[in-house]
């Protein structure tokens, strides 16, 4: 991909609005290989070499795409391997028409999951995906026996990961720190802060299906200092969420989510600052009706000071 | 007299060691429980978080502008690989 092609990730709606020639180029590409979205492989002069927007066999989707890529390269003819050095990548990262790579993301999101901004705010790194397994003893209340199999076997993934970020202001972040640093001291995180984690109740990155803080009908977080020694306090976290979200553009389609979370945080008692936080969520999501068959979600929110 | 002092000192030492042992005992259990819970949480988190294979697309230097990509393809004499979605492919769908 990186060596043979100029890879471009294009927003369909944005390119339709462009007035730099991109719109016309895209319309031409779409006319040659008619598909709403997906993959097109195109020569520099705009001739479509290949395209694909679905798979004949989902399990072999990667292989089918590789075959499409190979066919397009065969049609185009030999190309010299592309070399982008580190400086070029970064030059592109900050220029108009920039590129995105792991390096670029670390440049664009230097605080994702680590560190504190000068204004005291932090960005927690979020991950969500559908999961299975973990044991029937962990089935939450309200799950019908016919879906108990979702908890059978070892805890494992059942879908691709969603990667996201939640930003907490300095005031919000402060609510995770103890005011009394002694064992068994406990406190509640304000509901308004707990609501910021509602997004973790679905394994969807589609904004129409993504619950917002206001969708939470329950959002509770509790913290307890478990021990204090060696200049650090260890804090146990627990939480509970429920939400109802109306799908955008279809307010009659509802999503119902519920989750509990457990976590740990480490607080530096000398510097009076949090050093790390890890929250692990276990949830169910139901589509259409509150009593519909559930699917399961697993989610993580994490942060460290370095 | 010396024997009394030795005996008293021994009692104090025994009491001190007993006290330390009792104080240390429950704390060790707490540490072990905390460590076990931390490991359990980290193991669960590791399942949910993406593995390197799932992040391979981040190694690709995606261009986000079609015109800029076409100009690069012309300059380099190679085809464009277009990944087009109904929103920003590399951001939220």
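Chains as they are written, first to last, in the numbering used here: chain A, 1 to 306; chain B, 1001 to 1093. For glycine and all other residues, C-beta sits at the position ideal for the given N, C-alpha and C.
Cβ distance (whole Å) where residue i is taken to contact residue j below 8 Å
i	j	result
residue 183 of chain A	residue 225 of chain A	6 Å
residue 198 of chain A	residue 213 of chain A	5 Å
residue 176 of chain A	residue 265 of chain A	6 Å
residue 132 of chain A	residue 158 of chain A	5 Å
residue 109 of chain A	residue 168 of chain A	With 8 Å as the limit, residue 109 of chain A and residue 168 of chain A do not qualify as a contact, their Cβ atoms being about 15 Å apart.
Contact with chain E by residue i, beta-carbon distance below 8 Å
i	result
residue 132 of chain A	Among the chains of the structure shown, chain E does not appear; the protein chains present are A and B.
Beta carbon of residue i nearer than 8 Å to that of residue j
i	j	result
residue 49 of chain A	residue 39 of chain A	no
residue 309 of chain A	residue 269 of chain A	The shown model of chain A, from 1 to 306, leaves out residue 309 of chain A, and the question about it has no answer.
residue 276 of chain A	residue 229 of chain A	no
residue 15 of chain A	residue 26 of chain A	yes
residue 211 of chain A	residue 245 of chain A	yes
residue 299 of chain A	residue 166 of chain A	no
residue 288 of chain A	residue 253 of chain A	yes
residue 263 of chain A	residue 279 of chain A	yes
residue 258 of chain A	residue 283 of chain A	yes
residue 147 of chain A	residue 238 of chain A	no
residue 308 of chain A	residue 1074 of chain B	Outside the modelled stretch of chain A, which goes from 1 to 306, sits residue 308 of chain A, for which no answer is possible.
residue 161 of chain A	residue 1050 of chain B	yes
residue 208 of chain A	residue 249 of chain A	yes
residue 301 of chain A	residue 126 of chain A	yes
residue 1089 of chain B	residue 9 of chain A	yes
residue 330 of chain A	residue 1044 of chain B	Residue 330 of chain A lies beyond the range of chain A shown here (1 to 306); nothing can be said about it.
residue 55 of chain A	residue 1086 of chain B	no
Neighbourhood of residue i by C-beta distance below 8 Å, restricted to the same chain and skipping five residues each side
i	result
residue 72 of chain A	41, 49 and 50
residue 7 of chain A	1
Residues near residue i in its chain [Cβ-Cβ closer than 6 Å; skip 5 each side]
i	result
residue 187 of chain A	223
residue 79 of chain A	4
residue 285 of chain A	202, 257, 295 and 297
residue 153 of chain A	133
residue 1082 of chain B	none
Cα-Cα separation, residue i to residue j
i	j	result
residue 44 of chain A	residue 22 of chain A	13 Å
residue 202 of chain A	residue 77 of chain A	45 Å
residue 173 of chain A	residue 195 of chain A	13 Å
residue 30 of chain A	residue 47 of chain A	11 Å
residue 242 of chain A	residue 216 of chain A	6 Å
residue 247 of chain A	residue 24 of chain A	33 Å
residue 57 of chain A	residue 68 of chain A	14 Å
residue 170 of chain A	residue 116 of chain A	9 Å
residue 1071 of chain B	residue 35 of chain A	24 Å
residue 137 of chain A	residue 151 of chain A	8 Å
residue 1046 of chain B	residue 261 of chain A	15 Å
Neighbourhood of residue i by C-beta, 7 Å cutoff - its chain only, sequence neighbours within 5 removed
i	result
residue 33 of chain A	40, 48 and 51
residue 119 of chain A	170
*Mind checking the stretch 1048 to 1076 of chain B against chain A and listing, in chain order, the residues whose C-beta falls within less than 8 Å of any C-beta there?*
1048, 1049, 1050, 1054, 1055, 1058, 1059, 1060, 1061, 1062, 1063, 1064, 1065, 1066, 1067, 1068, 1069, 1070, 1072, 1073, 1074 and 1076
*Report the residues of the stretch 256 to 269 of chain A with a CB closer than 8 Å to any CB of chain B, ordered along the chain.*
262, 263 and 264
*Residues of the stretch 291 to 302 of chain A whose Cβ lies closer than 8 Å to any Cβ of chain B, in chain order*: 298, 299, 300 and 302
_Cβ-based contacts, 7 Å cut-off: residues of the stretch 50 to 84 of chain A near chain B_ = 72, 76, 79, 82 and 84
*Identify each residue in the stretch 231 to 250 of chain A for which the Cβ-Cβ distance to at least one residue of chain B is less than 9 Å, and report them in chain order.*
234 and 236
*Output, in sequence order along the chain, the residues in the stretch 272 to 287 of chain A whose CB is closer than 9 Å to any CB in chain B.*
278, 279, 280, 281 and 282
*Which of the residues in the stretch 1028 to 1043 of chain B, read from start to end, lie with their CB under 9 Å from any CB of chain A?*
1030, 1031, 1033, 1034, 1037, 1038, 1040, 1041, 1042 and 1043
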